[in-house]
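Q:
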Amino acid sequence: MARDRRSHVRKQEALSAAPVPVDASSNLPLAKNRSAPHPCLVEIVRLLARQTAKADVAAQRANDSED
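So the sequence shown is residues 1 to 67, counted in UniProt numbering.
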């Protein structure tokens with residue numbers, strides 16, 4: 001329950017965040033662009049990492065059960 005509440009708060013914070021202003025640095029390649037990432041992008045990366053980790057654990061468990 002508490003985890004759901006924290007997740008909801010994070011999503012609300014990401015939705016309420018102001019968009020990153022566009023300036024000259026936005027034309028730089030990503031490796032050289034030092035501006036902070038948008039909170040929504042951070043949330044998406046975290047979700048993808050979580051999904052990948054779950055898939056890796058499931059694959060490992062499947063391999064362990066076959067042995």
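Backbone N, C-alpha and C fix where the C-beta goes; we use that ideal spot for every residue, glycine too.
Within the continuous alpha helix (DSSP H) that includes Ser-16, where are the two ends?
A: Note, Ser-16: alpha helix (DSSP H), 2-16.
Q: Measure the Cβ-Cβ separation of Pro-37 and Glu-13 and say whether it is below 9 angstroms.
A: Contact: no.
Q: With the cut-off set at 9 angstroms, would you say Glu-43 and Arg-10 are in Cβ contact?
A: Result yes, Cβ atoms of Glu-43 and Arg-10 sit closer than 9 angstroms.
Q: If you compare alpha carbons, which of Val-57, Arg-46, Ala-58 and Ala-53 is closest to Ser-7?
A: The candidate whose alpha carbon is nearest that of Ser-7 is Arg-46.
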